[in-house]
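As structure tokens, the structure follows; a few thoughts come after it.
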Amino acid sequence: MEPLYVIAVLITLAALLAWLNDRFLGLPMNIGLVLMSLGVSLVLLALEAWGLPVRAGAGAFVRGIDFGKVLLEGMLGLLLFAGALHVDLNDLAEQKWAITIFATFGVLASTFLVGSAVFALSHLMGLGLRYIDGLLFGALISPTDPIAVIGILKKAGVPKSLETKIAGESLFNDGIGVVIFLLLFETATGSGQPDAGHIAALLAKEALGGALFGLAAGYAAYLMLRRVNNYRVETLVTLALVMGGYTLANALHLSAPLAMVLAGLLIGNHGRRLAMSDTTREHLDDFWELVDEILNAVLFVLIGLEVMVLTLDTRYILAGLLAVPIALLARLLSLGLPVGLMRKYRPFSPGAVRVMTWGGLRGGISVALALSLCQSCGREVLLTMTYVVVVFSIVVQGLTIKGLAAGAARRSAV
567 MEPLYVIAVL ITLAALLAWL NDRFLGLPMN IGLVLMSLGV SLVLLALEAW
617 GLPVRAGAGA FVRGIDFGKV LLEGMLGLLL FAGALHVDLN DLAEQKWAIT
667 IFATFGVLAS TFLVGSAVFA LSHLMGLGLR YIDGLLFGAL ISPTDPIAVI
717 GILKKAGVPK SLETKIAGES LFNDGIGVVI FLLLFETATG SGQPDAGHIA
767 ALLAKEALGG ALFGLAAGYA AYLMLRRVNN YRVETLVTLA LVMGGYTLAN
817 ALHLSAPLAM VLAGLLIGNH GRRLAMSDTT REHLDDFWEL VDEILNAVLF
867 VLIGLEVMVL TLDTRYILAG LLAVPIALLA RLLSLGLPVG LMRKYRPFSP
917 GAVRVMTWGG LRGGISVALA LSLCQSCGRE VLLTMTYVVV VFSIVVQGLT
967 IKGLAAGAAR RSAV
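For what it's worth, the working numbering labels the leading residue of the sequence shown as 567, then goes sequentially.
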């Protein structure tokens, strides 16, 4: 399938659904796009069930899009850089230990809690998943993607410290989650040895190497920005930094997501203050905000359309519905334990654990990782379960987090 054809269809569909949502529904755009594209998919499935051969063409179009490749090798770097560009490094530094613990221990703990529970669920339902398959599901569902909820948290008046924790965690736990997933995937397929040395080497190369690469690439771009005063050129330099840097990091088998987060933080803070004029800052912010909005629109439309390529087995859907409280409980526990310990040394906003648990939305990266699974890892059941959890997260949690966050803000103000 021609890439230009795919892009044209997705952009057109995203624009049409965004217009309809803004005109008639008034939902937050990402949530509205998921709901409406999911509705389109379900209508096509219903028409197919009534004897009209419409699913074949639409299904072939969706199957022709390599969702994992599009997201992990194309869109993710741009989205992470755009998100990191507006995070204040001083605020992040104040919360560095909390964010580090949430993005490392939190993801690891959630992976094993979810994996163990899903393995037990599989045994009870006769799904035939191995324990390593359950852990793979835990690794792909544990990273959060709360980009869509940050704006809601700001409007609800959530304390700045809590907002920084959520933003910082979301930026870093994607990279950590992908590394854990790769380790488990190597073990599941027999292509890697799960010994401590191998794990340490992969973590050092992927995570540490990716972070250092991102800082080096970001600093090189910063030096280029300092030597010109032309917002068109400077915007192009940042775009090259993301696209070229992400591609090179992938080629070197480093964590490209972590690299782009560090590069974005460096350009958004050091570069913004010391290498850009007011005009450049204004145009750069407008450009990356537009890139972020367009890519998010396409991503959430794709998530809604993916239902057409799922195996709609009743047991798989039921397992996905049961996985929703499992994932939420695992996140509650993996956040609650470290917060309980850290409260002895630092204050946390009232209701911080509840807001972070419910506001920890799952998104496209979970679907992309599930699509990369092989059949021997229980791909069909895990993909359906992932889709159910992601849609619940985006729609139900996304629509209700504002009330929960506002309540936490009121208690904090008392």
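Heads up, the beta-carbon is just placed ideally off N, CA and C, and yes, glycines get one too.
Residue interval of the alpha helix (DSSP H) (run including residue i)
i, result
"L820", "Taken as a continuous stretch (DSSP letters only), L820 belongs to no alpha helix (DSSP H), as it is neither H nor E."
"I665", "662-667"
"M874", "Counting along the chain, M874 falls outside any alpha helix (DSSP H), and DSSP gives it neither H nor E."
"I742", "726-755"
"P569", "569-586"
"A686", "673-691"
"L596", "In the sequence as presented, Leu is not what sits at residue 596; that position holds Asn. Unbroken alpha helix (DSSP H) run through N596: 595-615."
"G837", "Careful: G837 lies outside any alpha helix (DSSP H) and carries neither H nor E."
"G930", "930-937"
"L618", "No alpha helix (DSSP H) holds L618; DSSP gives it neither H nor E."
Spatial neighbours of residue i in its chain, beta-carbon cut-off 6 angstroms, leaving aside the 5 residues before and after
i, result
"D657", "T730"
"A675", "S900"
"G837", "Y788, L791"
"S938", "G634"
"L646", "P823, M826, V827"
"F668", "E735"
Residue i (DSSP reduced to helix, strand or coil)
i, result
"W924", "helix"
"D711", "coil"
"P913", "coil"
"R792", "helix"
"L888", "helix"
"R696", "coil"
"M641", "helix"
"I631", "coil"
"M842", "coil"
"G592", "coil"
"V954", "helix"
"V947", "helix"
"H652", "coil"
"D879", "coil"
Close Cβ partners of residue i (< 7 angstroms) along its chain, the five nearest in sequence each way excluded
i, result
"L828", "A777, G780, L781, G784"
Sequence-distant residues of its chain with Cβ nearer than 8 angstroms to residue i (five each side left out)
i, result
"G886", "T950, M951, T952, Y953, V954, V955"
"M691", "R881, L884, A885"
"D711", "S736, D740, L927, R928, G929, G930, I931, S932"
"W924", "L894, Q963, T966, I967, L970"
"A896", "A675, S676, L679, V680, A683, G704, S708"
For residue j and residue i, the rounded distance between their alpha carbons
i, j, result
"T846", "D879", "52 angstroms"
"R945", "V875", "12 angstroms"
"V600", "P823", "24 angstroms"
"L608", "L695", "28 angstroms"
"M820", "G929", "Position check: residue 820 holds Leu in this sequence, whereas Met was assumed. Computed Cα separation, rounded: 22 angstroms."
"L769", "L927", "25 angstroms"
"A626", "V947", "21 angstroms"
"L598", "L582", "Looking at the sequence shown, residue 598 is not Leu but Gly. The alpha-carbon atoms of G598 and L582 are separated by roughly 12 angstroms."
"P707", "D699", "Per the sequence shown, residue 707 should be read as Ile rather than Pro. So the two alpha carbons sit approximately 12 angstroms from each other."
"A574", "E660", "44 angstroms"
"G640", "L935", "14 angstroms"
"E859", "T755", "37 angstroms"
ask   = For the segment 903-910 against the segment 678-695, are there 3 or more C-beta pairs whose distance is under 8 angstroms?
value = no
query = Is there contact here, the segment 855-868 with the segment 684-703, by at least three beta-carbon pairs under 8 angstroms?
reply = Under the 8 angstroms Cβ criterion, the segment 855-868 does not count as touching the segment 684-703, having fewer than three qualifying pairs.
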